[in-house]
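Residue numbers (our numbering), protein chains in the order written: chain A, 1 to 116; chain B, 1001 to 1116.
Where a beta carbon is used, it is the ideal one built from N, C-alpha and C, also for glycine.
What follows is one structure encoded as structure tokens, with my remarks underneath.
Number of protein chains: 2
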Amino acid sequence: MHIGEVAARTGVSARALRHYEDSGLLVPERMGNGYRVYAEADIVRVAQIRAMISAGLGTAVIKRYLDCARLGDHGTSLEMCPDLRAELDSIAERLSVKQAALRETQRRLRELTAAG
Amino acid sequence: MHIGEVAARTGVSARALRHYEDSGLLVPERMGNGYRVYAEADIVRVAQIRAMISAGLGTAVIKRYLDCARLGDHGTSLEMCPDLRAELDSIAERLSVKQAALRETQRRLRELTAAG
DNA sequence: CTTGACCTTCACGCTGACGTGAGTCCCTAC
DNA sequence: GTAGGGACTCACGTCAGCGTGAAGGTCAAG
């Protein structure tokens, strides 16, 4: 299918899809006229990418994740995955810190409003 | 004290301190020669700002928070605080979503490494 | 054959929190 | 007086994930 249909089915803009390709996250086939041709599997892949981006991951990390996943599909070694998992852990921890800081801010704010 | 000492004591760069001033978060006195003069209380304030920025809050929101806090100190009305609290709640919720997505990503990754 | 929808590749714009010079004072010390 | 270490004000650069034209090729339909 073409980029417009992928955009419609995933809710991701065509511009974003091209950006994902620039970042190496998505590599659609090309027709003779240069049009991008996406497979059904790309729909799932786009959903994965969106989930990871909304989780705060950068495209570089996502690319490594997808490479890792692709290696897994072929049953080959997953040497890079431990590093990636450590990175995901550290990102999750940073998010926890952010959440804690935000909750603390909320607590202070509630104190203020209660005292006012 | 001067900006250099504040930078050293807080671990925040002088550039960042000037940026906070541009954003209206910090308003140091000025000497005759134009040098910024910070009070001890500003050390605490910088720590608060850092905590809120690392929590993902923007300077505009932080400014409103500090204004709110300052109003509280003077015992005056806190009309804007409910809005701010709602905003903090929504940010906290978005962070929760991110964390959940990140945990899901970690789960998938662990499945891959387990299957490899 | 022409409209019109859809596709292509540049390439600049935007937001946010600063980094990084450039060029210039200010102040202390030797 | 001269060196040096701050501090000052512009003002452009950076990173990320796109948005938004611009200028033009492609293709099915009337």
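Using only the alpha-carbon positions, how far apart do V1006 (chain B) and Q1048 (chain B) sit? Using only the alpha carbons, I get a separation of about 14 Å.
Which stretch, first to last residue, makes up the alpha helix (DSSP H) that contains L1017 (chain B)? It spans A1014 to D1022 - the alpha helix (DSSP H) in which L1017 (chain B) sits, taken as one unbroken run.
Let's see if you can read the secondary structure: which residues bound the alpha helix (DSSP H) around A39 (chain A)? In the DSSP annotation of this structure, A39 (chain A) is not part of any alpha helix (DSSP H), being labelled neither H nor E.
Please return the same chain residues whose Cβ sits closer than 7 Å to the Cβ of Y35 (chain A), not counting the five positions on each side in sequence. When the five nearest sequence neighbours on each side are left out, the beta carbons in the same chain lying within less than 7 Å of the beta carbon of Y35 (chain A) are those of H2, in order along the chain.
Length of the line joining the Cα atoms of V1097 (chain B) and L84 (chain A): Looking at the two C-alpha atoms, the distance is approximately 21 Å.
Beta-bridge pairing of R1030 (chain B) - partner residues as DSSP gives them: Note: R1030 (chain B) sits in a beta bridge opposite B:R1036.
Tell whether a beta-carbon distance below 8 Å holds between G56 (chain A) and L1102 (chain B). Yes, they are a contact pair.
Residues of chain A with a CB under 7 Å from the CB of M1001 (chain B): which are they? Near M1001 (chain B) there are no residues of chain A at all, since even the closest Cβ is about 25 Å away, more than 7 Å.
Let me confirm a value: A60 (chain A) is counted as buried when at least 16 other C-beta atoms fall within 10 Å, else exposed. Which label applies? Flag for A60 (chain A) reads exposed.
Cα-Cα, which of B:L1095, B:A1039 and B:S1023 is closest to L1066 (chain B)? L1066 (chain B) has its Cα closest to that of B:S1023, out of B:L1095, B:A1039 and B:S1023.
Return the chain-ordered list of same chain residues with a C-beta closer than 8 Å to the C-beta of G4 (chain A), the five sequence neighbours on each side being excluded. Result list for G4 (chain A): A14, in chain order.
With A1008 (chain B) as the anchor, note down where its alpha helix (DSSP H) starts and where it stops. Looking at the DSSP string, the run of the alpha helix (DSSP H) that includes A1008 (chain B) is I1003 to T1010.
Cα separation between M1031 (chain B) and R1018 (chain B)? The straight-line gap from Cα to Cα measures roughly 16 Å.
For L57 (chain A), name the three-state secondary structure that DSSP assigns. Correct three-state label for L57 (chain A): coil.
Given a threshold of 16 other Cβ atoms within 10 Å of its Cβ, counted over all protein chains shown, does P1082 (chain B) qualify as buried or as exposed? Counting Cβ neighbours within 10 Å, P1082 (chain B) comes out exposed, since fewer than 16 surround it.
How about S1054 (chain B): is its C-beta nearer than 8 Å to some C-beta of chain A? For S1054 (chain B), the answer is yes, since a Cβ of chain A falls inside 8 Å of its Cβ.
Assuming contact is defined by CB atoms lying nearer than 8 Å, are L109 (chain A) and L1088 (chain B) in contact in what I supplied? Yes, the Cβ-Cβ distance between L109 (chain A) and L1088 (chain B) is below 8 Å.
Please confirm if Y1020 (chain B) has its CB atom under 8 Å from at least one CB of chain A. Chain A, which has no Cβ nearer than 8 Å to the Cβ of Y1020 (chain B), makes this no.
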